[in-house]
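See structure below.
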Amino acid sequence: MDILTLNEGLNRIVYGFPMKLVFLLVGAYLVIFQIRWFSAPLRMVRVSFSETLGAIRERAYGFGGQITPFQATMVALSATIGTGHLLGMLAAILLGGPGAVFWMWLGYFFGTGTKFAEATLAVHYRRRFADGSVSGGPMYYLSRGLPRLRFLGHLFAFFAALSAFGIGNLSQAGAVGGALAPLGAPPALVGLFLALLVGVVLGGGIVRVARFAQVVVPLKLLLFLVAVGPLLALYGGRLLEALALVFRAAFSPEAALGGAAGYSLFAAINAGLGRGIFANEAGLGSAAIAHAQAQVDHPVRQGFWGVTEMFISFLVTSLTALTFIASGLWQKGGSAAEAAQALFGAHPLGGVALALTVAVFALGTMVAWGFYGEEAAAFLFGEGIRWPYRLTFATLAFVGPLGGLEAFLAISDTLNGLMAIPNLLGLVLLGGVVGRLVYGFFRGEPWVPPR
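Under the UniProt record's numbering, the first residue of the sequence shown carries the number 1, and numbering increases by one thereafter.
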């Protein structure tokens, strides 16, 4: 058995339906039994807003960190909002029908608890250095929170450091090159631009990465509105019908759709849960690396920023999905790329709007994932690995638009999925810590970092 055959089998496991149920169950466990949102949902919503969008300028700076909670969330969103929110969302509907959107929403709902726990634990267990900087994420809360299972932290860091080269670099750089090719941009020139940009931004550490994210995330959202806004206006009269179809097809696709394209309940659940889980990265643990950098006086405050991150991601995927369903183009089948071209064919700017949106989405993801991979590598090999890692990452950014290395991309995609296994196990075992931190936060108890 060669390595690619083995990788194919592992890929089916880490992205298969049973694994998606694990993601869902872990999120449900955290929401219901540890964070306990259902016991006082209105209070949780009110506090979540007051701690995030209601206090963007930050009322308090706390222990460690070099960036604000808002900046940390921008870094996480820079990685999270990517091409999966566009092409991936279209692919989910093509595979599972409109009912897949409902199951995506369910994945988002329970995934919010997962992201809350990841951000909270990342701050609680982060490592602080003498110069005021910090490092954190699953590799730290797994090794420090579960000392007898500290190998889980090393496993996560290994998977994250390697997968960042593929899923966070080569595939994203390829998406930028592919999006700009119809506009006449030479692949080599695109690769050179990406290599220089990634190298310069990563070279400035988390402070420069955060400043970049503060620019690129609003630009992503602005381009998304420019791309989707005219389509929403065009199909606005059918949006309520599209929303009703989502709920009708969620439990009985064949009855709701008249057996169109052979959609089944399993296909809807499988495609929807997959998009709801992997688009927002809840459970993978990657965003926790960014949230760990926040200057906060209590970990739960950053947990609420994790909820805000999920909400913004939810809005982008949902608007994309409802626009596509309202257009009726989902009934024609085909690939996600073909569907995207057909959908944006009705846009006043045509394919230019799609190309620029995809390019900026992928670019932001690259930089954030470069920081994630660097932090994971530094956990494994020490601070001296940072510049070699950055230079390697920049080199691969140049190669991405040129194509090739498909085998490495396939392996890195599997490694990206494998990140979730130690992380999800750790979230279950550390769920009690999350529950105690939430309880203490609402009682006004000061945060005491672990020794």
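Glycine included, every Cβ here is placed at the ideal spot set by N, Cα and C. Quick caveat: nothing in here was measured; it's all calculated off a predicted structure.
- In this structure, the straight-line span from the alpha carbon of residue 428 to that of residue 29 is close to 8 Å.
- Residue ranges of uninterrupted alpha helix (DSSP H) with 4 or more members, entirely inside the stretch 74-141 and ordered along the chain, are 87-96 and 99-124.
- Under DSSP, residue 67 shares a beta bridge with 294.
- The C-beta of residue 90 has 16 or more other C-beta atoms within 10 Å across all chains shown, which makes the residue buried.
- Secondary structure within the stretch 166-239: the alpha helix (DSSP H) runs of 4 or more consecutive residues, fully enclosed, are 171-180, 187-203 and 205-235 (chain order).
- Annotated as distal: residue 302 and residue 71, with beta-carbon spacing of 8 Å or more.
- Put simply, of 134, 32, 377 and 238 the residue whose alpha carbon is nearest the alpha carbon of residue 117 is 32.
- Per DSSP, residue 32 is not a residue of any alpha helix (DSSP H), being assigned neither H nor E.
- Here residue 208 has 201 as same chain residues with Cβ atoms under 7 Å from its own Cβ, once five neighbours each way along the sequence are excluded.
- With a 10 Å radius around the Cβ and a threshold of 16 neighbouring Cβ atoms, residue 335 comes out exposed.
- Between residue 296 and residue 112, the gap from beta carbon to beta carbon reaches 8 Å or more.
- Around residue 156, the same chain offers 138, 139, 142, 285, 419, 422 and 423 as residues with beta carbons nearer than 7 Å, after the five sequence neighbours per side are excluded.
- Between the stretch 399-408 and the stretch 163-183 there are three or more inter-stretch CB-CB distances shorter than 8 Å, so the stretches are counted as touching.
- In this structure, the alpha-carbon of residue 22 lies about 20 Å from that of residue 250.
- For residue 51, the closest C-alpha among the options 389, 265, 300 and 38 is that of 300.
- The residue from 389, 269, 416 and 292 with its alpha-carbon nearest to that of residue 10 is 416.
- Our two residues, residue 27 and residue 270, have alpha carbons roughly 17 Å apart in a direct line.
- Boundaries of the alpha helix (DSSP H) around residue 321: 299-327.
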